[in-house]
Amino acid sequence: MKVALESNAFFMGVEYLAVFCCGLVGGLAAVRKQYDLFAILVIAWLTALGGGILRDVLLEVPPVGITDRWSVVTALVSGIAIAIVHPEINKLKWSMITLDALALGLFAVNGTAKAMYLGTSGMTAGFLGMATALGGGLTRDILLNDVPMIIRDKHWYAVPSAIGCVCTVFVCKGRMAGLLDAEQEIGLDVLIIVLIVGMRLASVIYNIKFPGAVERHN
Amino acid sequence: MKVALESNAFFMGVEYLAVFCCGLVGGLAAVRKQYDLFAILVIAWLTALGGGILRDVLLEVPPVGITDRWSVVTALVSGIAIAIVHPEINKLKWSMITLDALALGLFAVNGTAKAMYLGTSGMTAGFLGMATALGGGLTRDILLNDVPMIIRDKHWYAVPSAIGCVCTVFVCKGRMAGLLDAEQEIGLDVLIIVLIVGMRLASVIYNIKFPGAVERHN
Amino acid sequence: MKVALESNAFFMGVEYLAVFCCGLVGGLAAVRKQYDLFAILVIAWLTALGGGILRDVLLEVPPVGITDRWSVVTALVSGIAIAIVHPEINKLKWSMITLDALALGLFAVNGTAKAMYLGTSGMTAGFLGMATALGGGLTRDILLNDVPMIIRDKHWYAVPSAIGCVCTVFVCKGRMAGLLDAEQEIGLDVLIIVLIVGMRLASVIYNIKFPGAVERHN
Numbered sequence: 001m002k003v004a005l006e007s008n009a010f011f012m013g014v015e016y017l018a019v020f021c022c023g024l025v026g027g028l029a030a031v032r033k034q035y036d037l038f039a040i041l042v043i044a045w046l047t048a049l050g051g052g053i054l055r056d057v058l059l060e061v062p063p064v065g066i067t068d069r070w071s072v073v074t075a076l077v078s079g080i081a082i083a084i085v086h087p088e089i090n091k092l093k094w095s096m097i098t099l100d101a102l103a104l105g106l107f108a109v110n111g112t113a114k115a116m117y118l119g120t121s122g123m124t125a126g127f128l129g130m131a132t133a134l135g136g137g138l139t140r141d142i143l144l145n146d147v148p149m150i151i152r153d154k155h156w157y158a159v160p161s162a163i164g165c166v167c168t169v170f171v172c173k174g175r176m177a178g179l180l181d182a183e184q185e186i187g188l189d190v191l192i193i194v195l196i197v198g199m200r201l202a203s204v205i206y207n208i209k210f211p212g213a214v215e216r217h218n
Numbered sequence: 219m220k221v222a223l224e225s226n227a228f229f230m231g232v233e234y235l236a237v238f239c240c241g242l243v244g245g246l247a248a249v250r251k252q253y254d255l256f257a258i259l260v261i262a263w264l265t266a267l268g269g270g271i272l273r274d275v276l277l278e279v280p281p282v283g284i285t286d287r288w289s290v291v292t293a294l295v296s297g298i299a300i301a302i303v304h305p306e307i308n309k310l311k312w313s314m315i316t317l318d319a320l321a322l323g324l325f326a327v328n329g330t331a332k333a334m335y336l337g338t339s340g341m342t343a344g345f346l347g348m349a350t351a352l353g354g355g356l357t358r359d360i361l362l363n364d365v366p367m368i369i370r371d372k373h374w375y376a377v378p379s380a381i382g383c384v385c386t387v388f389v390c391k392g393r394m395a396g397l398l399d400a401e402q403e404i405g406l407d408v409l410i411i412v413l414i415v416g417m418r419l420a421s422v423i424y425n426i427k428f429p430g431a432v433e434r435h436n
Numbered sequence: 437m438k439v440a441l442e443s444n445a446f447f448m449g450v451e452y453l454a455v456f457c458c459g460l461v462g463g464l465a466a467v468r469k470q471y472d473l474f475a476i477l478v479i480a481w482l483t484a485l486g487g488g489i490l491r492d493v494l495l496e497v498p499p500v501g502i503t504d505r506w507s508v509v510t511a512l513v514s515g516i517a518i519a520i521v522h523p524e525i526n527k528l529k530w531s532m533i534t535l536d537a538l539a540l541g542l543f544a545v546n547g548t549a550k551a552m553y554l555g556t557s558g559m560t561a562g563f564l565g566m567a568t569a570l571g572g573g574l575t576r577d578i579l580l581n582d583v584p585m586i587i588r589d590k591h592w593y594a595v596p597s598a599i600g601c602v603c604t605v606f607v608c609k610g611r612m613a614g615l616l617d618a619e620q621e622i623g624l625d626v627l628i629i630v631l632i633v634g635m636r637l638a639s640v641i642y643n644i645k646f647p648g649a650v651e652r653h654n
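Chains as they are written, first to last, in this note's numbering: chain F, 1 to 218; chain C, 219 to 436; chain G, 437 to 654.
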């Protein structure tokens, strides 16, 4: 069974857009640190496709990030683009946060669905969805020697993706049990992505944070 | 053939205890750096199960750390626990060092044995045992952007696990050659763990260090 | 079909020399940071064989770096050697840069060829060749908590290996299509390595740098 959101041209287009946005976000981090063009390309490629590579290594299937021509081309083009238009992208702060949230949602849903349709358990699929969504940014931050954003960011970033992965597991189970048809699955998947984007943006806009350890005095 | 120390309820219990302790140690590092609850959970989970994931990726089998329900639950519970009881755990310095050493020993022995029974050579099994024992702490320190403890710690940490892995290879070979029965294998495995814990604790208590490069003047 | 440069004793010797040199370079970084002997061994081993491990994990074949006895022995001997002769090696700056460039070239060509003969597409083989050439240094720098050299080094380092990998893909395709015989393949492979070494050295000697992002004012 195919991943629902890769079943038609529109959703494939959205996926390439997500790869492109992730590449821009990653490449911009390299531009800011004044690395050379090759480093910008490597960081853009790994931010965009590193999550999928991580998922595919854990799933023991050939990694999309080094085998799918158009994904690779999209990621590299995003690296070249950001090397040229970085001042403009820098100003688009909110657009970038929104597009990054969109990519987070899309990667979470598609990563989870891909694992489910390869026959993993729901729990494993949830982990793999999160690996897909968060792995790219993780790789970028490790290469740039920063504490990864999923650890450091006080706003909701990993949490919405986790919630989205869990929801996707139930949608896939419903589809595999015949309770949902293809269109309903797509509808629910889109709803989950909207939910993830909404939670991420609400957290940044209203400065909503996830609690830390229980504060207690020694 | 099954891994000897996973053959009965008592040793399975010890293994979950080791996972739990590793999770506490990892989560505590995240609590100290004041990250949020989600980061604490991620770090606890990866410290506890990241070594096994590394081993399983190198062995090309489905990673326990994302497929075994009870291991995952144990790791996540340890993350929640440390978020609440961190002041108490902080005070238990020696208990924690001992439990961490116990986990080091158990993961080294079980990781090596798992690889041996999957048919790898002794050398490969030794490397995989060390990956199991050291991989969790490695992942934690990379995520927290510290130099990994296996590189940084001047006291014996990796060395006892390496010695333990080599011993385990010989015990497994003896068992596979029919020279040892199941009980003798368990007995020797327990002895190896005691040896690893003993070396680690002796090194910390008596401040025994491993030499560095030969000191010479240019 | 075998990897051309592993087809006779001379080239196998060159490969072990490359492993040994990488181990020296890696171990030296650990010696400079005053880590203990075990850390020096781990870093030497991972610098020498980490690239191949990365390639083999992505290819889903048993990693050479934990299964091939002589590669492992060579890497560990290089770690022990550097712990003793580090003051001498420290003075051999140009020899080391040359030997490191030789290893870069050899790993790029052999990594790409290994992937091609396992049946990957040219693009995937190119990525895997670069993973082989660059993965070892990457692992070393992540463990030592530095920004990886492939990101940080302003001189040509990753770029010559990328060009070499692309050339190797075409040579392998020529060989597989029957346009080249074994000797011609070896000749061209050697030529590619000379090209990579030449580009790397020229870049360091004449201070040739790769451009960064387009400089523009906001």
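Beta carbons are placed, not taken as given, at the ideal position from N, Cα and C, and that holds for glycine. Only a predicted model underlies this, so the values are computations on that prediction, with no experimental measurement involved.
Asked                                                                                                             : Found
Interfacial residues, the stretch 331-353 of chain C to chain G, with Cβ spacing under 8 Å                        : Thr-338, Ser-339, Met-341, Thr-342, Phe-345, Leu-346
Counted within 10 angstroms of its Cβ, other Cβ atoms place Val-243/C as buried (16 or more) or exposed           : buried
C-beta atoms of Ile-271/C and Pro-281/C nearer than 8 Å                                                           : yes
Pairwise C-alpha distance: Leu-528/G and Val-291/C                                                                : 53 Å
Cα-Cα separation between Val-303/C and Gly-137/F, rounded to whole angstroms                                      : 31 Å
Selected residue, minimal CA-CA separation from Val-638/G, among Ala-537/G, Lys-609/G, Ala-475/G                  : The sequence given here has Ala at residue 638/G, not Val. Of the listed residues, the one whose Cα sits closest to Ala-638/G is Ala-537/G.
Partner residues on chain G for Pro-429/C, Cβ-Cβ distance less than 8 Å                                           : Asp-472, Leu-473
Residues that Met-472/G bridges to, as DSSP identifies them                                                       : Sequence inspection shows Asp at residue 472/G; the Met mentioned does not correspond to that position. Answer is Gly-430/C, bridged to Asp-472/G.
Below-8 Å beta-carbon distance, Arg-140/F vs any chain C residue                                                  : no
For Met-341/C and Ala-349/C, the rounded distance between their alpha carbons                                     : 12 Å
Rounded C-alpha distance that separates Cys-172/F from Gly-187/F                                                  : 12 Å
Span separating the alpha-carbon of Phe-229/C from that of Thr-575/G                                              : 35 Å
Residues that His-591/G bridges to, as DSSP identifies them                                                       : Lys-645/G
CB contact flag (Gly-297/C, Leu-259/C, <8 Å)                                                                      : yes
Reduced DSSP secondary structure (H/G/I, E/B, other) of Gly-614/G                                                 : coil
With 16 other Cβ atoms within 10 Å as the buried cut-off, status of Asp-617/G                                     : exposed
Residue closest to Ser-379/C, alpha-carbon to alpha-carbon, out of Asp-364/C, Ile-369/C, Ala-326/C                : Ala-326/C
Ala-15/F, DSSP secondary structure in three states                                                                : The residue asked about is misnamed: residue 15/F is Glu in this sequence, not Ala. The answer is helix: DSSP assigns Glu-15/F an H, G or I state.
Which listed residue (Arg-370/C, Thr-285/C, Ile-315/C) has its alpha carbon closest to that of Lys-469/G          : Arg-370/C
Buried versus exposed, by CB contacts within 10 Å (16 or more), Ser-71/F                                          : buried
Beta carbon proximity, Arg-652/G to chain F, threshold 8 Å                                                        : yes
DSSP state of Gly-119/F mapped onto helix, strand, coil                                                           : coil
Check whether Ile-43/F and Gly-27/F have beta carbons under 8 Å apart                                             : yes
Beta-carbon proximity list for Trp-94/F, same chain, < 6 Å, skipping 5 on both sides                              : none
Contact under 8 Å by Cβ, Leu-485/G with Ala-466/G                                                                 : no
Residues of the stretch 58-84 of chain F with Cβ closer than 7 Å to any Cβ of chain G, in chain order             : Glu-60, Pro-63, Ile-66, Thr-67, Arg-69, Val-72, Ala-83, Ile-84
Candidates Lys-645/G, Ala-549/G, Gly-648/G, Ala-561/G, of which the one nearest Arg-611/G by Cα                   : Ala-549/G
Sequence-distant residues of the same chain with beta carbon closer than 7 Å to Ile-150/F, five excluded per side : Leu-134, Gly-137, Leu-138, Tyr-157, Ala-158
Supposed close pair Val-432/C, Ala-519/G - CB separation, criterion 8 Å                                           : 6 Å
Cutoff 8 Å: Pro-148/F Cβ touching any chain C Cβ                                                                  : yes
Interface partners of His-522/G on chain C, CB under 7 Å                                                          : Ala-431
Cβ-Cβ separation, Val-237/C to Ile-315/C (assumed contact under 8 Å), whole Å                                     : With 8 Å as the limit, Ile-315/C and Val-237/C do not qualify as a contact, their Cβ atoms being about 17 Å apart.
Neighbouring residues, chain F, relative to Ile-258/C (Cβ below 8 Å)                                              : Gly-212, Ala-213
Supposed contact pair Val-450/G and Leu-535/G - C-beta distance, whole angstroms, cut 8 Å                         : The Cβ separation is near 11 Å, so there is no contact.
Pro-281/C, DSSP secondary structure in three states                                                               : coil
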